[in-house]
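Residue numbers 186 to 423, in the working numbering, belong to the letters of the sequence shown in order.
In this text, a Cβ means the ideal position worked out from N, Cα and C, and glycines have one as well.
Because the structure is a prediction, the values reported are computed rather than measured.
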Amino acid sequence: MGTVLGTIERIWRYPIKSTGGELLDEAAVDARGLAGDRLYAVRDAAGKFGSGKNTHRFRRMPGLLQLRSRYPGGAVTKAPELLAPDGEPVADPTSYVRRYLDRNDVEVAREGAVSHFDQLPLSVLTTATLDWVRAAVPGVPVDERRFRPNLLLRTPPGTPPFVEDAWFGSSARVGHTLRLRFERSSERCVMTNDAQQDLPHSPRILRAIAQAHDMRLDALATITHPGRVRLGDTVQLT
Numbered sequence: 186m187g188t189v190l191g192t193i194e195r196i197w198r199y200p201i202k203s204t205g206g207e208l209l210d211e212a213a214v215d216a217r218g219l220a221g222d223r224l225y226a227v228r229d230a231a232g233k234f235g236s237g238k239n240t241h242r243f244r245r246m247p248g249l250l251q252l253r254s255r256y257p258g259g260a261v262t263k264a265p266e267l268l269a270p271d272g273e274p275v276a277d278p279t280s281y282v283r284r285y286l287d288r289n290d291v292e293v294a295r296e297g298a299v300s301h302f303d304q305l306p307l308s309v310l311t312t313a314t315l316d317w318v319r320a321a322v323p324g325v326p327v328d329e330r331r332f333r334p335n336l337l338l339r340t341p342p343g344t345p346p347f348v349e350d351a352w353f354g355s356s357a358r359v360g361h362t363l364r365l366r367f368e369r370s371s372e373r374c375v376m377t378n379d380a381q382q383d384l385p386h387s388p389r390i391l392r393a394i395a396q397a398h399d400m401r402l403d404a405l406a407t408i409t410h411p412g413r414v415r416l417g418d419t420v421q422l423t
């Protein structure tokens, strides 16, 4: 038997990239990641996707984190709903984001040949690391939404922060069928500081991560065997 890393405490999916996501009790996971995760994005006329940063694929579009997205009834076969800052679904997501961003060249588009993911299919964050961030920025509200993981892993008492680093290159079993390989961590950007819903803007968060851990936080994984993930599942090195 391998080392037990912890248990799944929360499962997050983000139907429209860079918007707030939805909490799930369980989800199917395949080589692309959680079913429906970041399957849609806000895309501009240059083909760049709305994000928290500017790169060759992404365009910073401040304010998207104040919106949320979800699949109606959890059915990934349908297009996702976009929720306004007050939590109400909007009738036409593309028309709404054009007004909201004051840009006529954007649309809510399904993924095509170019991936919507920043890096790898699945992000795992531990409660040990999340607790460290909270302690590093007292007075600033922090929860996992700042870091947009797919899986929040409840680690045993005494687990050190950034324990995720020790997993890179290792494989793990999640529940009964799902298998992962931990590859590396995410390099964080200013999106971690951005306001979203009830979390205020604070530059202290990224500054603390930069000083303590070279702006890196979480474990990114590839999927070696598809399966399902459920709340309470054990994650175990194999």
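Within-8 Å CB hit, residue i to chain D
{"i": "residue 277", "result": "Annotation note: the requested chain D is absent from the structure, which comprises a single protein chain."}
Residue i and residue j closer than 8 Å at C-beta
{"i": "residue 280", "j": "residue 250", "result": "no"}
{"i": "residue 190", "j": "residue 198", "result": "no"}
{"i": "residue 422", "j": "residue 370", "result": "no"}
{"i": "residue 205", "j": "residue 253", "result": "yes"}
{"i": "residue 320", "j": "residue 348", "result": "no"}
{"i": "residue 278", "j": "residue 293", "result": "yes"}
For residue j and residue i, the rounded distance between their alpha carbons
{"i": "residue 380", "j": "residue 386", "result": "4 Å"}
{"i": "residue 383", "j": "residue 215", "result": "32 Å"}
{"i": "residue 367", "j": "residue 339", "result": "17 Å"}
{"i": "residue 217", "j": "residue 297", "result": "13 Å"}
{"i": "residue 360", "j": "residue 410", "result": "12 Å"}
{"i": "residue 377", "j": "residue 364", "result": "28 Å"}
{"i": "residue 375", "j": "residue 337", "result": "21 Å"}
For residue i, three-class secondary structure by DSSP
{"i": "residue 396", "result": "helix"}
{"i": "residue 381", "result": "strand"}
{"i": "residue 282", "result": "helix"}
{"i": "residue 211", "result": "strand"}
{"i": "residue 221", "result": "coil"}
{"i": "residue 259", "result": "helix"}
{"i": "residue 331", "result": "helix"}
{"i": "residue 389", "result": "helix"}
Per DSSP, cross-strand counterpart(s) of residue i
{"i": "residue 364", "result": "358, 410"}
{"i": "residue 292", "result": "228"}
{"i": "residue 274", "result": "268"}
{"i": "residue 478", "result": "Here the chain comprises residues numbered 186 to 423, so residue 478 is not present and cannot be evaluated."}
{"i": "residue 372", "result": "401"}
{"i": "residue 421", "result": "189, 358"}
{"i": "residue 424", "result": "Lying before the first or after the last residue shown, residue 424 is absent from the chain, which here runs from 186 to 423."}
{"i": "residue 243", "result": "234"}
Start-to-end residues for the beta strand (DSSP E) that takes in residue i
{"i": "residue 267", "result": "266-268"}
{"i": "residue 236", "result": "234-236"}
{"i": "residue 196", "result": "189-198"}
{"i": "residue 299", "result": "Segment: none, residue 299 is in no beta strand (DSSP E) and carries neither H nor E."}
{"i": "residue 401", "result": "Per DSSP, residue 401 belongs to no beta strand (DSSP E) and is neither H nor E."}
Extent of the continuous alpha helix (DSSP H) to which residue i belongs
{"i": "residue 320", "result": "312-321"}
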